[in-house]
Amino acid sequence: PDPPQVGDSFRAAVDAARRRDMVAAEAYWRRHEAAPPGGAVHVSQWFEYAMVHYNAHRYQRAAELLVKVVELEPTDPRGYNNLAMALEAGGAMPEARTVLERGLEASPGHHGLNYNYAKQLLDQQDWQGAVGRLVTAVQGDPNNADIHFYLGAALRQAGSGDVAQQAFDNVLRLEPRYAFRYINTETNSDYEHFVRDERALLDGLSGGEAACGSGGGNASSHACALRDVVLELRGLEQTLGFVADRQIDGRRVQLQTGYMKHSFAYGSTFYQSWRAVFNNTVLMDAVRHARAEGLRYGVLGSSIGWHVFYGALTWDLPSIGWEILCTQVDISRRLADRHGLRASGLVQLECADALAADLAGVHIVVLAFSRDVNLGRVLNEKLSRELRPGALVLSWSRILDAQPEFRRAAVYKVAVSWSENWGLYVYQRMEDA
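Okay, so the sequence shown: first residue is 24 according to my numbering, each after it adds one.
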């Protein structure tokens with residue numbers, strides 16, 4: 024049914040869209056568009072209504088509305104910039120690039136257009152072209168931390184590490200905790216406290232620097248190797264160089280695969296949280312069974328290796344990780360090789376899509392990445408098909424609740440980089456009917 028009559032159909036449309044009642048919003052908008060006060064819908068109204076759709080992740084509809092903004096104000100660079108952002112967010116990258124180019128013809132020096140066009144050039148590995156666009160963007164908006172960040176990222180890829188660091192220094196001057204936005208720690212106000220607790224636990228287990236040396240050099244001690252790896256990874260994840268490389272690699276792979284942006288989100292699990300989860304009967308029985316049967320522990324979405332190193336160095340259990348971003352795999356391989364973990368066969372790290380992982384011989388699986396619904400369905404079917412009865416799957420979401428071959432065996436609330444209290448769900452593969 025049509026929504027009730029109101030005095031201001033435009034405001035009613037915006038308010039309904041903000042409530043995510045899109046049926047009512049579109050009905051009010053049609054009513055407003057058919058009989059706008061003054062005889063025509065003002066460009067500011069097209070823009071405002073477009074942006075509430077954009078913020079509701081309705082990118083295609085937002086783009087349709089922003090086309091009208093550009094038609095009404097063809098010399099205003101902001102319309103082109105916002106239309107391009109909506110098209111890119113909706114996956115229409117070629118169309119977004121065309122719009123950016125049209126906008127730059129009208130306004131060559133506009134900082135937003137140059138910034139967004141530079142990111143498209145980064146996707147094509149045109150490092151110098153991106154640097155040029157970002158220098159122009161900085162000149163137009165010198166206090167924008169995002170522009171300085173991507174300038175540093177582009178310079179880093181172009182091999183100008185020293186100049187890149189100057190750009191990153193500008194980022195930190197403008198926004199000291201900028202990296203935390205990308206490693207999803209902004210939502211965890213106690214992140215630094217958990218990091219200190221993690222180090223105290225690792226020092227206690229290994230004997231600390233007195234026993235291990237400053238580089239984790241006691242090769243005979245898995246505890247020292249784990250301490251060395253975790254301390255390096257924990258420091259690395261907070262650096263802008265790491266974040267920049269990951270952003271560029273993530274955008275590239277997203278374009279190649281078509282996976283949703285949140286599938287490439289970064290997060291890490293504190294060692295004390297991981298250890299607490301695995302210190303229980305169900306999981307320790309699974310570890311003992313894996314050892315006895317020569318089975319492995321595997322991580323889908325292994326990132327820079329966190330969960331792989333935890334399993335291998337805590338249990339001395341052969342562990343394998345699959346990660347789609349090869350820059351992340353390079354980091355984990357370097358650390359594994361420092362301690363001879365790949366040469367010994369204890370750790371294997373593959374740059375591969377989780378859907379291509381060979382799960383034969385894997386008894387414990389950690390799903391360590393975010394997934395869109397379609398990818399999740401395909402992956403669930405893969406787990407059902409390839410895992411043996413009794414195998415365990417640990418997931419940060421409840422997506423396996425819908426898979427009849429699995430039962431939920433346990434639920435834990437633990438601290439992770441993005442939350443002080445996040446659910447970890449343990450599922451067990453049941454016997455086939």
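Note that the Cβ used here is the ideal one computed from N, Cα and C, for glycine as well.
In the DSSP assignment, Phe429 forms a beta bridge with Arg452. In chain order, His330, Val331, Gly344, Val389, Ala391 place their CB closer than 6 Å to the CB of Val322, counting only its own chain and leaving out the 5 sequence neighbours on each side. Between the C-alpha atoms of Gly113 and Ala223 there is a straight-line separation of about 45 Å. A residue is called buried when at least 16 other Cβ atoms come within 10 angstroms of its Cβ; Glu111 meets this threshold and is buried. The straight-line gap separating the alpha-carbon atoms of Ile422 and Ser130 is approximately 47 Å. Under the three-state reduction of DSSP output, His134 falls in the helix class.
Around the CB of Pro97, fewer than 16 other CB atoms lie within 10 Å, so the residue is classed as exposed. Look at Ser420 here: in three-state DSSP terms it is coil, with no helix or strand label. Assigned with DSSP and collapsed to three states, Glu94 falls in helix. Leu263 and Phe203 do not touch by the CB rule: their CB atoms are close to 11 Å apart, not below 8 Å.
Assigned with DSSP and collapsed to three states, Gly363 falls in coil, not helix or strand.
Only buried fits Gln68, as 16 or more other CB atoms lie within 10 angstroms of its CB. Assigned with DSSP and collapsed to three states, Leu228 falls in helix. Less than 8 Å separates the beta-carbon of Ser325 from that of Leu372. Cβ atoms of Val154 and Ala115 stay farther apart than 8 Å, at about 26 Å. If you draw a straight line from the Cα of Val186 to the Cα of Glu49, it comes to about 49 Å. With contacts defined as CB atoms closer than 8 Å, Asp146 and Arg269 fail to qualify as a contacting pair.
In this model, Val194 and Ala176 are separated by some 11 Å (Cα to Cα). No Cβ-Cβ contact shorter than 8 Å links Ala375 with Ile354.
Here the C-alpha atom of Val305 lies approximately 34 Å from the C-alpha atom of Lys284. Out of Cys349, Val352, Glu404, Ala359, the CA that lies nearest to the CA of Leu336 is found in Ala359. Shown here, Arg81 sits in coil according to DSSP, grouped into three states, outside any helix or strand. Under the three-state reduction of DSSP, Glu128 is assigned to helix. Bounds of the alpha helix (DSSP H) holding Glu316 are 304–316.
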